[in-house]
Each structure stands twice: as structure tokens, then as C-alpha cells.
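*Asks:*
Chains as they are written, first to last, in the working numbering: chain R, 25 to 404; chain P, 25 to 404; chain U, 25 to 404; chain C, 25 to 404.
1) Residue 120/P versus chain U: which residues are under 7 Å apart at the beta carbon?
2) Between the alpha carbons of residue 101/R and residue 252/C, how many angstroms are there, rounded?
3) Quick check: residue 182/C and residue 235/C, are their CB atoms within less than 8 Å of each other?
4) Taking one C-beta from the region 145 to 157 of chain R and one from the region 340 to 348 of chain R each time, how about it: are there three or more such pairs within less than 8 Å?
5) Chain R partners of residue 330/C, CB-CB under 8 Å?
6) Let me know the secondary structure DSSP gives residue 87/R once reduced to three states.
7) At what residues does the beta strand (DSSP E) containing residue 182/R begin and finish?
8) Output the boundary residues of the beta strand (DSSP E) element that contains residue 44/U.
9) Using a Cβ-Cβ distance cut-off of 8 Å, determine whether residue 282/P contacts chain U.
10) Give the range of the alpha helix (DSSP H) segment to which residue 207/C is assigned.
11) Checking contacts by CB at 8 Å: is residue 300/U closer than that to chain P?
12) Hey, how far is the Cα of residue 397/U from the Cα of residue 90/P?
13) Within 8 Å (strictly less), CB to CB, does residue 339/C reach chain U?
14) Identify each residue in the region 150 to 172 of chain R for which the Cβ-Cβ distance to at least one residue of chain P is less than 8 Å, and report them in chain order.
15) Going by CA-CA distance only, name the one from 341/U, 324/U, 226/U and 330/U that's closest to residue 365/C.
16) Taking the C-alpha atoms as reference points, what is the distance between residue 44/P and residue 375/P?
17) Would you report the Cα separation of residue 292/C and residue 69/C, rounded to the nearest angstrom?
18) Just the C-alpha distance for residue 64/P and residue 36/R, rounded to the nearest angstrom, thanks.
19) Can you name the residues that DSSP bridges to residue 282/R?
20) For the region 113 to 121 of chain P and the region 209 to 220 of chain P, state whether three or more C-beta atom pairs, one from each stretch, are separated by less than 8 Å.
21) Identify the residues that DSSP records as bridge partners of residue 320/P: which are they?
22) How should residue 290/R be labelled, buried or exposed, when 16 other C-beta atoms within 10 angstroms of its C-beta is the threshold for buried?
23) Could you list the residues in the region 44 to 73 of chain P with a C-beta less than 8 Å from some C-beta on chain R, going in chain order?
24) Would you please state the rounded distance, in angstroms, between the beta carbons of residue 222/R and residue 260/R? I believe it to be under 8 Å.
25) Looking only at its own chain, which residues have a Cβ that is under 6 Å from the Cβ of residue 321/C, when we skip the five neighbours before and after it?
26) Put residue 223/C into one of helix, strand or coil per three-state DSSP.
27) Could you tell me the alpha carbon to alpha carbon distance between residue 170/C and residue 104/C, rounded to whole angstroms?
28) Cβ of residue 313/U less than 8 Å from any chain C Cβ?
29) Does DSSP put residue 72/R in a helix, in a strand, or in coil?
30) Does any residue of chain U bring its CB to less than 8 Å from the CB of residue 357/C?
31) How would you label residue 161/R, buried or exposed, when you count the other beta carbons within 10 angstroms and need 16 or more for buried?
32) Check for me: the beta strand (DSSP E) holding residue 386/C runs from which residue to which?
33) Kindly indicate the opening and closing residues of the beta strand (DSSP E) around residue 351/C.
34) Counting only beta-carbon separations shorter than 8 Å, does residue 31/C have a partner in chain U?
35) Cβ of residue 174/P within 8 Å of Cβ of residue 156/P?
36) At what residues does the beta strand (DSSP E) containing residue 366/C begin and finish?
Here you go:
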């Protein structure tokens, strides 16, 4: 009796499972070019800072913008729920690991104060920094106009999974084509998504960029709680294929931003080699002195009142934004001098631009090496 | 010299090795519908409680039924061997891990008292709860009529591996077609099975539902002792294919129940995405205050006098049925608010009904993420 | 530039990576038949005891023969180097792990006393036990006639890798066809081998059975030291294919014995499902009270003077031959009641005879389950 | 909607993931022949010592040459920066793990003294040893003539990734064809590379040998920092294919040297079975009394001022060159008697010469065996 195959499963790969193959040509690292563009906005660095309360507050956004990156301020976190968020951030940092999820749930039960939205944005803009803000699809209709009015430069509409088509009993919210039109010329970035089809449909709504990643973040437990998630290398490859296909069809290039799971320069380089135009960093940045998390990191899925899908994770405070982005460093674990790492990897692949680096060869190569090394040392 | 391939092996996958891909469409979780049907019986929840003495006693069955699920009382466990099982359950909970298998073997050497079968069933029915009971194929001829007489609603005939065709020296037992006819209109559920062919043959006997799973349970050591077992995602997919094929041939839809190995909401969601109509839970429920196991869990393979194929495992008592099924929760490991997790995952896949969710895409995605996170934190 | 594929690698599988799929038919365990035959010799059990000094001495061989199995006495170990081996065995058991390899090298530097060969054999035969003895190819010319003369029933010619064709500077040794003829009617078993071609060539020399396995034994480090070895499931499948092919060509059925790496009933069952006619056990038997190893286990590759390829491993002494072979047991890790496990697994696959069980379906199913269970318990 | 596959990934394999299959023919180890040739230079052993400061100084080079191997002295390490390197080597050995990278960065900031280049070379040559030296491509124009003048026998031009085509803003350096011509008849070895195309292009420049390996070394963290690297078995196979293809096209045989990641005799044997003509060892040799590393090991990527891609790893000092190369040994982990291991493995594959051994069959066989053994022992 032959078995009809009801369902086929593709193998999906994460950062730990692949490696970049050096090229047949090499270039000098100084010849590499790493800028990133969203519509008319150009950034010196292809790095965004996650819209997470442990990573971005207005001060962080200003410093990060001066360095050439783009930080996203979450409009639904402590910055807009508390006049002075320092107290609640201290409290979150001080609580035990065991109590942390409960505390976060209570802390985020305080309602959002719409007047703080404008205040935070103006705080960033007054320092001549580029200002990106994020809200969930459910709040976009209410918050997006406030953000535009206050002078935000980029609007990010973000939830765990966002699609161009959403069915709901509630009154009709804004569709993305309507939102894009209403916000113009401010670019609208949406996320997150992981598959070719869903990504391409989002691009077809006219958005300026798409964030890629469901499940991989270091503070995220969607895989444990919901079973949902796609490892980042495959997610990035599929969405890069969607971007390229949409570009062939429409002539419009919509960059993709790999968001979540990047823990080192090696991961960052693999994201680009898999097809990313930019990356979004969370936990690595949360460990900087400039970050508001005080040595802790958590995402927006943790405060969920009924079903938290993330947790507070300890990251320590042991570096600075300058060191993380540009070095120099004495660390050998890939958590500092990310731009140096990117330029070096590009040089080894003969890639002058990110678009060239996206063509680099990747192999499936599980990182069992580390273990092997440890065995060797123990035997030494 | 070419090597004739004597034997081909398919790759089989377990929960830890796959992940659900979000859909191109999303729906509001409130719009999802999760009921489950066995013949004419409809249940609000697609969750059954395992016929294990650490999980289900009459009180548990009543509470679980009120919540909308279906608990199965084992007719060959302590409930029918002991007038008052509290004593032996205390003893099992109090013994050391080392002594536990031996104690279980002795405890289950006490003969079954047929009169207790009816008593336990009437206890459940008198509370207006739905009553499901289970026995092994060898005892079905003797116990099934008693169960029917006492008013049980569902009969589960269950052993580690049950097939439609069984060869034995003993006098001919009931065949499943005969049993189905004799028990009608009470539905007969059989299990366990894992393959397309064996599952389809069971369906062809006229049974009302089939339980899927050999080897994966947390208290089961069939893989170590016998080498037998199929990881649950593949087993569910193969049996779902059998169900669909049988439906196409016969027009009768026989639901499959994924039984064993579900340790979190993520696993539960993957079971449905792999094709399950319902799931059967053991260890997760054994950790509830309402469970009779007193913080321990064991299966019916452990008391085997000659060759135990399971062991008592500690699960603690740290939650309630209400929290496990409906939350709310502050846990982020997926062991509470399972229905919330199911509805959320369905919403992310654009699935309004379980039948839609069965079509969700799965990818092979080993859960090495956790390890990576830990590395990152240590480096933090 | 396309890459010419210089070399293809097949995936090879070990016991931990596969599982047996239950059948569409089941039989009563009492109906299963597990005997094993080498030429005209029939054994009640398909289990051999390894020719290792920690496992087999004359007393062990006698007990094991009474149980229905076949133990092989090593003619190049302590039993033939020492008049009274008890002293050296005590010494090996008493030394530290660090010193153990060096001590073994010195202990085995004592020359073999040919007169002890006959004495050990007569000791076994005088108890009416079946007597199998082993020697390396290099010593076969000298020792085989002594063994025959002393009344041995089976001769095993064994080294890490044995082939039908061997090139050497030394004077021509016996070829296998010559040896088989010289020893007749005493059956000659040879080993070890792992591949289709090498196995079939050995069968073509006229030997009575072939031992399969290079590298997997628990006391073997050939993989670390030499890089050589094939996981046992694939090795068994390939050699089973050679056996079947040779049978089709010649009409003579040469059984294969899976030797090494079997640590539980599950592994044992998988060996048969992969095609074995019998299995050879080492470390499991070394843990029996009857074994001479005193809680330790080592192989013949360890005493090598220049390049030991194995080590003494602690196994403890915590069971008896009776329990390991026939139970009953309260263990749930598969190390006791191996025949009960074999009959149960056969029954679940509907296999009445070993030849049927060899047709059982196997799936690739990594044993990550255990880890998952532990995670669950820790969270419980 | 079908997903256009933007990028395919091959599976690449490391030493831990493969095993060598014994052959259908065996030979006596004494009949094997293991010499190695670079142009007109013939070496008794196919083993090179890495151009790392913890492995090779002039004294080590002399001893290693007498044993029949070829040690490479790094012209850009402490030997040419310090008149008396003993002090800085002591300091590196004495510092804490935490401070080690920073200290290495400072120690290697001392400029290279060109006059020491000649001195070190003459020191080696004066002992009648073969002298190989290495420098990076950037310094080759300056240092290569000095080395030739001083009497070096082999020039190695080495960086993490070296290609035949390199783009740079700086004034044109020597191309490899020019360098080969200028150095003749001294052979030029280049590295490192890992892919078919890049390797073949290097061979086409006329170099005498190519070093294979990016990322696998025990002191290397390129995978973590840059994401770049190819596991050694696949890298060796691909470069062996390039060598064979180039030989077919040109008639010139350019040997490949597998450099990095070899931690045992098993790994060494697998490198040859994958196609290597020689291997380059680092950490194994650093553990010898003769090595200058004083129990530590580090590579040339660690002292990088901005982005170190390696670290000091402890290896201990617990053996001698004689034992590592020729034994005898009582170790069973494969770190001593490497030539004995190589000859034994060759004998089991029926290989008289390295060129035969390169044809041995390899299987993919993850080394999960060790873990299994440990489980067994714990249960014993």
C-alpha cells in the first residue's frame, strides 16, 4: 500500500547552521560600501535598532542616528505609558527572573498616553536625529496621524505576524495601501513576515520596506508557545526572492530588514549573504551602556496579559554603541565591531556593495566546531 | 560492485524538529473555532486527557468534561483494582525514583475488580459528565459490556500497538467490526497506531476515531527498550493521510487523535498543523492540582511485570486545569493557556477551523535556537 | 565554473538515529521464534558473547551456552597468556582509569602459551557446552589446528577489519578457502567487515558466518584514532544485502552477526530489523556477575603496544545473565530481558521469525526525545 | 504561488561528521608509503607545522625537519618583531584568558625588524634543516626577496582568504605569476582557500602547492566573527577536485595541504581520505614540549588590532614531537602516533600510497557514538 504524501516539509535553516563561502575574488575592505536606503532616506549603516523598550528610548535613538543607523521607538511601550519611564525601567531591572513576566504584564497594563507620542518624537527630532516609530496594526489608525503630525520620519507597523490580508470582526481598520497613501511621503515599513507569498503581498501594498523574522529573537518564545516561526536564513532567502520577483514585476525595489536572532557579526554577515538589505538588532544593542534596559532585554510579546510569548533575558551591560558598531575590540566572539566584520566578510567574498554580498555562496555547515574545540582542549 | 539497496529509510520528524509557517492571511483569534467531534458527540475543546492513573480519576474526568474536553478513565489501573485508590496513589508518590518501577509492578499485580468498573463510570455519569473509558484488546470482550451497561459514552480500546489484524494462540477475541456493532451506538476509539496502512485498516473496521502515537510520551521508554516508535509529526501526517484517503473512499470522516509527546502549546499547535483532529495530553495535565498523580506521571507500560517500558517521571504540581487550558498565564514556556495558544497560532495561519489549520505549512526547523540564546546570554 | 564531484558520500546511520515502525499486523509474543543457526549448529538464542576478556572466560562460556547463546573465548587474551588469569584481571580492575591503558599494554605483552589453548577449550567442552574460540588472522595458521584438536565447535577469525584479500610481506598465511577446508566440518566465522563488497567476498570464501561492525563498540576508539568505522545500522543493512545477494547467486545462506554498539534491547531489536541474523554483545554482558571483567570492559584493540584503539570503560556489576537475557526486570532502560524485548518488538511488527523481522520498516528518527523529556520535567 | 529558489545551499561536512569505510582489500601497514613532495623537495612525512608563533620557532623547525616534516616559520610574528622572543612568549603564557587577546594585540603592534628575517632563516639552515617561511600577501613584495636571499627553501604566502584576483586601492602588489617567477626555483605555496574555483585559479598562477582551510582551526573564530568558513572535509574534497581537474588540463600536479581543524589521528586520516596530499597541524603540535607556546595556542588572526578573529586557547604541554608523530603511545584519543594511525588506516583501506588512500570511501556518520557510550556507562 503506497502512502500518499499529504504534506511536504522543506528544511529551513538558521544562522547556526550555515556559513559563507569566500569568493574567487577578494577586495580591500576599505573599498566596500555598506549604506542602506528606505525610499528617499539614506543611512550610512545598514543597521536598525529594534522597537523594544530595553533597546530604544529617545536618547538612544539620537545617538544611534548620529552613528548612521536607524533606531525605532516603540509607541506602545513604557515611553508612551509613563511620563517618566525611568522608575518602571528600574523596577523591571530589579525584579527576579521568576517575577519578571508578571511584572511586565502589570507594567504594560498602564494605558498609553497619546500626548506622550508627540513628546517623544519631538524629543528625538529636536536633536536633528532621524526618527522612526512603531505601532501595532490595531493602533495604527489612531497613532499614525499623531506620529506624522509630530514629525516622525519613518512609520513601522509591526506585530508578530503581519499580512496584507487580515480578517477581523472589528470595524474596518486602515488597509496598507490606504495607510501608505495617508502617510506619504513618510515611508511605511511593515513586519514581520517570513514567507515568499506573504512578503510579496505586503510589497504589493506599496510599503517602503519589510521586516523579516518570526520567532528567532533571543527574548522570543513563539516557537515554544505557538510552534510558529521560521529560522532566519531561510526566511531571509524567501523574502529576498519575493523582493527580487516584485522588483522584476514592478520596477520598485523594496528592501528587506532581517529582524531577530542576530547574536554576532557572523550572524549579521550571514543575514546579508542570505539576501538582507539591512538588519535589525535587539539583544546585542541592549548590552550597550546607552540602552535603557539596564542589562536586561525583553520584547513586546512578553507583556501580553493572557499568553506572553517572550521573556526578560539578562544581557549585562558591558560595551558601548561605538564599540559594537565600529570597534576597535579585543573580543573574539563577534559582538563588537560589527561594521568591521561586515566589511571584512564582504572583502573576502569580493563584494563591493551589499547587493554584491547578497550573491555570496552559503553552505549548510552546522556549528559543531565549537564543541570539537572544547573536546580538544579538555584532552590537551 | 554496486550495492543493491535492501532497505530504504524515510526520515521521520518529531515536534522539536518542525515549525509552523505563518500564512499569507491572518484572522482575529476570536474568529477561530476549535470544537471536536467523535460520531455524534461534540466537544468544545479538541483535547483529551490520557487514560493514565496519574492524570484521570473520576473527579478529574468530571472537571475536564465541564471544561469541554474528554478525559479517558483507564479500566485496568488503580481505579478498578482498589476500592479506595488514594492509598496506593500516595504510596506511589512517596517512593524513591529508584524503587518506583518495582512498586508500580507490585501495585498493578492486584487483580481488577469488575464491580469497580461500573462504580467508577456511574460516579462520572452522576455528575452529568461525558464518560470515556479504556481497556486493552485482551480485556475488551470482558469489560466492554460492563462499561456499556454502566452508561459509558465512549469506549477506547488501547495498547502500545493495536492493529486490525492480530494473530494469537488464544481463543478468538472480538474483532473490531464485531465490537463496533456490539457497542453501537457508543463510539469505539482505538489505538495506538502510527502508519498509513495500519491506520487505514483500523478505520476500515468501522471505529469512530483512532489514536496516533507509539513511543513519544514523556513517561514512555519504548524507543529504548524495544526500538519501536515513530516521531509524532510524521506519525500524525501519515495517519492524517490515511484518514483523508479513507474519507475519499468511504465518505466517512474518522478523526485522529495525536496521543503522546505534547509538552507545550507549541507542540499542540504542531500536532494540528500536521493533521490532527484532537490531541491527547498526559504529563502536562498530570502537573495540575486536579490530577491524581500527586506530582508524578506514569503510563500503563510501566507496571508490566516482565518488561516495563516506561517509568515514573516527576512533573510537580504547579498549575490548575483552568490555567493550562484557558489561562491567563505569566509563563512563557508554553505549558499554560493551550487554547489561547491554539487560537493565536490559528489566527497567524489564517485558519478559522481546525480543518483549515491542518493545511498550514510546516518546515523542518530543529530547535537549536534555545541553545544559541543561552550562548548569547553567557557572552552578554 | 561547475564543480566536478570528486567524491560522493552516503549517509550512514547508527542505532540512535533510527526507529522501528510497528506493522499492519501484530502477533502474540509467544508465537515468535528466535533461534539462530551456524551451519549445522542451532542455538536457542540469536545472541553471541564477544571474544573479549572482560566478557568471556570458560565459566561464562558454559553458563551462556546453557542459556542457549554462544560465547566466544579469545585465544589471544589473558586466558591463554596466564595459567591463572584471576590475578591479572584483579589488577586490571584495580588500576586507575589513567593508568589502565598502559597496564593493559603490559599485561598483554606476556606471550601466549599454546598449551593453555587446549586446556581452556577442554574446560568448556567438559561441561557439555558449545565452545567457540577466536584468534586473529595472523595467528590462525598456528592456533586453529590446536583448537580443532581440542574439540572446539566454532572457530572465529577476527580482527578490526578482515578481508578476503590481504597483502603482506610475510610468508603466505592460510587463505580463507584453505582454512575452511582444513577446519571442516567445524564452521569458520570471520569478521569484522561493514560493506557490501567486502562482506560478499568473505562469504564467497566459504565461511559459515560473518561478523559485522567496525568502530561502534563501547570500548572502541577506532573512530577517534583512525577515523575508520561505519555506524551499525547501515553496516548491517549493507551486509544483509550482501548475504541476500550471495544467497540468490549461490543458494547458500550465510548469516550475519551484528557485533558492537548494542547498548539496550532497543538497539538489539534495531539490529535485527536492519537485517541481522544474530547479535554479539559486549558491554551489556560485562556488567553481569558471571563476567570476568569485575565491572570493567575492554577490547582487544586496547592492549596494542604502539597505537591502542580502545580503552577500559567502567560498566559496573549490577545484574545477572539470567536477568539480562530473560528477565524479569524492573529496569526501564532496556538493559535487561533482551529476549523479552525482542519477542515483544517482533510481535508488534507481526514477525513470527527473525527472517520476518528483518523485513520490518525502519525510519530515521534521531533520539532527541530524551532531551525533550528532560526539558519538560525541569519546567514541570 | 510558487517560490523561485533564489539561492541553493550545499551541505558541507567537517571531520566530526564523516567516517572512513574500510576497503575490500587490506595491506600490511609496513607496506604503506607516506611521503610528500613539493616540486623537487621530498619529505618523509606528509605533515606540515603551522606558521603560528605557538607552534614554530627556529628550534622547533629544526627538530621537525629532522623527523621528516616541514615546519613553517611565520615572518610576521614574534620571531621577527623581537630580538629575543622568549620574554614576550612568557608574558603571553602568563596572562589570564580574559586579558590574552588584548595583550596579543599589543605584543604584535611592535614593528617587524626586517634584519631578523634573515637571521631566523640562517639559524634554521645552519642546522641543515629544510626552511619554510610565511608572510601575508601585503608583505610579500618586501619580505620574499629577503627570505630568498637568506636561503629559505619554501615560501608560503598566506592569509585567511587568498585569491588569485585581489582588488585594492593600494599600489599594485606582486601577482602570483610574477612572484613564482621571481622566487624560482624556490617553490611558492599559497593559502588559504576552500572552493573549487578559487583553488583552481590559484593553481593556474603556477604556485607549487595550495593550503586548504578557512575557519576550522581550534584557535580561529572566523565563523563567529565573520560567518565565513567551510568545514574541512568538503573544502578538501572540493580543492582535491580542483587539483585533479587542473592536472588533467595541465599535466602539472599541485598538491593540496589541509590546514586547520585536525585534532586527532582520525581527523588526519579523514583529511587524506578526502583528498589531501599533506596536512598542516597547529594545536596538536603546540602541546609538545618542543613548541614555543608554553601550553597555549593562538593564530595570526588574534593580534588584529581592530577585529581579532581568534583567541588564545589552552592546550597544555603533555607530549613530545616524537610521540605525536611516531609513538608509541598509551593514549586512546588519537593525539599521539599520528603516522602509526595513518599507516594503520591506509592498511585497512588497502592503500599503499597516499594517492590510493585519497580514493577511500567516506560516509556521513555523525559522531554521536561517544555520547551514546557515556549514557551506557552512566546506566551501567
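C-beta atoms are modelled at their ideal positions from N, C-alpha and C, and glycine is treated no differently.
Being a predicted model, the structure only gives us computed values, none of them experimental.
*Replies:* Well, looking at it:
1) Correct list: empty, because the minimum Cβ distance to chain U is about 13 Å.
2) Approximately 37 Å, taken between the alpha carbons.
3) Less than 8 Å divides the Cβ of residue 182/C from the Cβ of residue 235/C.
4) No, because fewer than three Cβ pairs between the region 145 to 157 of chain R and the region 340 to 348 of chain R fall closer than 8 Å, the two stretches do not touch.
5) Contacts between residue 330/C and chain R, judged by CB atoms closer than 8 Å, involve 351, 352, 353, 361 and 364 in chain order.
6) In the structure shown, residue 87/R sits in a helix (DSSP, three-state: H, G or I).
7) In the DSSP annotation of this structure, the continuous segment of the beta strand (DSSP E) that includes residue 182/R starts and ends at 178 to 182.
8) Here the beta strand (DSSP E) through residue 44/U covers 42 to 44.
9) It does not: the Cβ of residue 282/P has no partner Cβ on chain U nearer than 8 Å.
10) For residue 207/C, the enclosing alpha helix (DSSP H) begins and ends at 200 to 207.
11) For residue 300/U, the answer is no, since every Cβ of chain P falls outside 8 Å of its Cβ.
12) Bear in mind that the predicted position of residue 397/U carries a pLDDT of just 40, short of 50, making it too unreliable to give a figure here.
13) No, residue 339/C does not count as interfacial toward chain U.
14) If the cut-off is 8 Å between Cβ atoms, the region 150 to 172 of chain R has nothing near chain P.
15) Ranking 341/U, 324/U, 226/U and 330/U by Cα distance to residue 365/C puts 330/U first.
16) Their Cα atoms are separated by approximately 12 Å.
17) When rounded, the distance between both Cα atoms is 13 Å.
18) Here the alpha carbon of residue 64/P sits roughly 41 Å from the alpha carbon of residue 36/R.
19) Bridge partners of residue 282/R: 236/R and 303/R.
20) No, the region 113 to 121 of chain P does not touch the region 209 to 220 of chain P.
21) According to DSSP, residue 320/P bridges with 338/P.
22) By the Cβ neighbour-count rule, residue 290/R is buried, with 16 or more other Cβ atoms within 10 Å of its own.
23) Correct list: 44, 45, 46, 47, 48, 49, 50, 51, 52, 54 and 55.
24) Cβ-Cβ separation between residue 222/R and residue 260/R: approximately 14 Å, too far for a contact (criterion under 8 Å).
25) Answer for residue 321/C: 78, 243, 307, 310, 337 and 339, listed in chain order.
26) Three-state result, residue 223/C: helix.
27) Counting only the Cα atoms, residue 104/C lies some 12 Å from residue 170/C.
28) No, no contact with chain C.
29) It is a strand residue.
30) It does: the Cβ of residue 357/C has a partner Cβ on chain U nearer than 8 Å.
31) By the neighbour-count criterion, in which 16 or more other beta carbons inside 10 Å mark a residue as buried, residue 161/R falls on the buried side.
32) Residue 386/C: member of the beta strand (DSSP E) spanning 386 to 388, first to last residue.
33) Here residue 351/C belongs to no beta strand (DSSP E), and DSSP marks it neither H nor E.
34) When Cβ-Cβ separations below 8 Å define contact, residue 31/C makes no contact with chain U.
35) The answer is no: Cβ separation not under 8 Å.
36) Note, residue 366/C: premise wrong, no beta strand (DSSP E); alpha helix (DSSP H) at 362 to 372.
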